[in-house]
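In UniProt numbering, the protein residues as written are 1 to 95. Virtual Cβ for every residue (Gly too), placed ideally from N, Cα, C.
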């Protein structure tokens, strides 16, 4: 399960999103659509742990991305779920 609560992020003075909350249970799908520069890639980077949230919480399978030990566990989960075959970005976020 992916749980996002009150997530806010900005680049310098440019607010990308504020108080974003959602949850995705195993087997569910979430489609993020929006204009260029609306925060879609930023959200993907936050979920992947490539950048860190400024406000709010992100939990993946119960692990908190703000906790360094939990982040290591999240990366283990991600690494173990990458198949040898090629997949699209869409499929990498499905678990």
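Exercise. When you compare each of 65, 38, 36 and 57 to residue 50 by their alpha carbons, which one comes out closest?
Worked result: Numbered from its first residue, the chain shown carries residue 50 at position 50. Of 65, 38, 36 and 57, the residue nearest in Cα terms is 65.
For this session: Would you give the residue range spanned by the beta strand (DSSP E) that residue 61 belongs to?
Result: The residue labelled residue 61 in the question sits at position 61 within the chain shown. It is not in any beta strand (DSSP E) - residue 61 carries neither H nor E in the DSSP assignment.
For this session: Can you give me the Cβ contacts of residue 55 inside the same chain, cut-off strictly under 6 Å, excluding the 5 residues immediately before and after it?
Result: If you number the chain shown from 1, residue 55 lands on position 55. Result list for residue 55: 8, in chain order.
Exercise. Which partner residues does residue 52 have in the DSSP bridge list?
Worked result: For the purposes of this step, residue 52 is identified with residue 52 of the chain shown, where counting begins at 1. Paired residue(s): none; residue 52 is not in a bridge.
Exercise. Which first and last residues belong to the beta strand (DSSP E) in which residue 7 is found?
Worked result: Mapped onto the chain shown, residue 7 falls at position 7. Counting along the chain, the beta strand (DSSP E) containing residue 7 begins and ends at 2 to 11.
For this session: Quick one: give me the first and last residue of the beta strand (DSSP E) that residue 14 is part of.
Result: As a working note, residue 14 is residue 14 in the chain shown. Looking at the DSSP string, the run of the beta strand (DSSP E) that includes residue 14 is 14 to 24.
Exercise. CB residue 4 to CB residue 58, shorter than 9 Å?
Worked result: Looking up residue 4 in the chain shown gives position 4. Looking up residue 58 in the chain shown gives position 58. Yes, the Cβ-Cβ distance between residue 4 and residue 58 is below 9 Å.
For this session: Would you mind sorting residue 32 into buried or exposed? The rule is 16 or more other CB atoms within 10 Å of its CB.
Result: Along the chain shown, read from residue 1 onward, the residue named residue 32 stands at position 32. Exposed: under 16 other Cβ atoms inside 10 Å.
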